[in-house]
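Undergrad:
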Amino acid sequence: MTETPSDLRSRRRVQLRAQVQAAAVRLFAERGFAATPVADLARAAGISERTYFRHFRTKEDAVLLDLEDLARRVRAVDVDGRAPARLLEQIEGIYAELAEAMDEDDAGTRREAQLLIARTPALREAATRRHREIMEDLRHRLVEAGVPDADLLGRLLAQIGTATLHAALDAWADQEGAASIAALYARSRAVLRALI
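The numbering of the sequence shown is UniProt numbering, which starts it at 1 and goes up by one.
(1) Do V77 and L138 have their C-beta atoms within less than 8 angstroms of each other?
(2) Can you tell me whether L152 is buried or exposed, with buried defined as 16 or more other CB within 10 angstroms of its CB?
(3) In chain order, which continuous runs of the alpha helix (DSSP H) of length 4 or greater are located wholly inside the region 163-196?
(4) Are the region 46-56 and the region 106-124 touching, with three or more C-beta to C-beta distances below 8 angstroms?
(5) If I'm right that T164 touches R189 with Cβ under 8 angstroms, what's the distance once you round it to whole angstroms?
(6) Please classify L169 as buried or exposed, where buried requires at least 16 neighbouring CB atoms within 10 angstroms.
(7) Would you call the region 139-148 and the region 55-71 in contact, with 3 or more CB pairs under 8 angstroms?
(8) Is DSSP giving V147 helix, strand or coil here?
(9) Is the shortest distance between the beta-carbon of A171 and the beta-carbons of chain D less than 8 angstroms?
(10) Have a look at E30 and L116 and give me their C-alpha separation to the nearest angstrom.
(11) Give every residue of the same chain whose Cβ lies closer than 7 angstroms to the Cβ of R130, excluding the five residues on either side of it in the sequence, and list them in chain order.
(12) I want to know whether the region 28-46 touches the region 91-106 - three or more CB-CB distances under 8 angstroms.
(13) Can you list, in chain order, the residues of its chain whose CB lies under 7 angstroms from that of A182, leaving out five sequence neighbours each side?
(14) Check each candidate in L16, Q21 and R132 and name the one with the smallest Cα separation from I160.
(15) Report the option in V25, L192 and P148 whose CA atom is closest to the CA atom of R111.
(16) Which two residues bound the contiguous alpha helix (DSSP H) that contains P37?
(17) Grab the span of the alpha helix (DSSP H) containing R57 for me, first residue to last.
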């Protein structure tokens, strides 16, 4: 089967973005986030600054690729007629899949990106802001769909989902990335269930 031009472009885009992420993770780990200009990221990835900014809005975005995947998955959540518990299960399922993908990342780039985010205030702030935008979009969709208590439900889904994931990622970072992110996330969910 022949690849269509859009499939090929899409695959190249994904490859280029992964290449930039790998360069960013390496340079940020070596030099620090603040000491690494975008020009150096672009050069290390073998692209121009102009190409960099066609694919990323900010320097932080180079390591936040998992949040783009999260945004895409959350946009795919069917909000019409869903029971609140089912919506939370869907959000938790998305987080669980992302945690598993991080664990299965052979190159380790995704895990290293998460460690950098946990340890670098500017990256953590950017990740938190982007995560909040993703969940705010879900809240708006719930309101537009006329889901009962949509505003509160959206806020709770965002807070519960985010807190559970961040608890797992923080515990993982404290262990220097030695544990399974997916296992810690599953444990975080179990502890949450015991609380409520």
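In this text, a Cβ means the ideal position worked out from N, Cα and C, and glycines have one as well.
Keep in mind that this is a model prediction, so the values were computed, not measured.
TA: Reading it off the structure:
(1) Within the sequence shown, the letter at position 77 stands for residue 77. Within the sequence shown, the letter at position 138 stands for residue 138. Closer than 8 angstroms, so yes.
(2) The residue given as residue 152 occupies position 152 in the sequence shown. With fewer than 16 Cβ atoms within 10 Å of its Cβ, L152 is classed as exposed.
(3) 181-195
(4) no
(5) What you label residue 164 is simply residue 164 of the sequence shown in a count that begins at 1. What you label residue 189 is simply residue 189 of the sequence shown in a count that begins at 1. T164 to R189, Cβ: 6 angstroms. Contact.
(6) Working through the sequence shown from its first residue, we reach residue 169 at position 169. Buried, because 16 or more other Cβ atoms sit within 10 Å of the Cβ of L169.
(7) no
(8) The count along the sequence shown starts at 1 and reaches residue 147 at position 147. Here V147 sits in coil by DSSP.
(9) Of the protein chains in this structure there is only one, and it is not chain D.
(10) Mapped onto the sequence shown, residue 30 falls at position 30. Mapped onto the sequence shown, residue 116 falls at position 116. If I take the Cα positions, the gap works out to 11 angstroms.
(11) On the sequence shown, position 130 is the one that residue 130 refers to. If we look at R130 and ignore the five residues flanking it on each side, its Cβ neighbours are L64 and L67.
(12) no
(13) Numbered from its first residue, the sequence shown carries residue 182 at position 182. Correct list, in chain order: A96, A99, E100 and D103.
(14) Sequence index remark: in the sequence shown, residue 160 carries index 160 (1-based). The shortest Cα separation from I160 among L16, Q21 and R132 belongs to R132.
(15) Within the sequence shown, the letter at position 111 stands for residue 111. Checking every option, the nearest Cα to that of R111 belongs to V25.
(16) Residue mapping note: residue 37 aligns to position 37 of the sequence shown, counting from 1. Looking at the DSSP string, P37 is not in any alpha helix (DSSP H), and its letter there is neither H nor E.
(17) The residue given as residue 57 occupies position 57 in the sequence shown. Taken as a continuous stretch (DSSP letters only), R57 belongs to no alpha helix (DSSP H), as it is neither H nor E.
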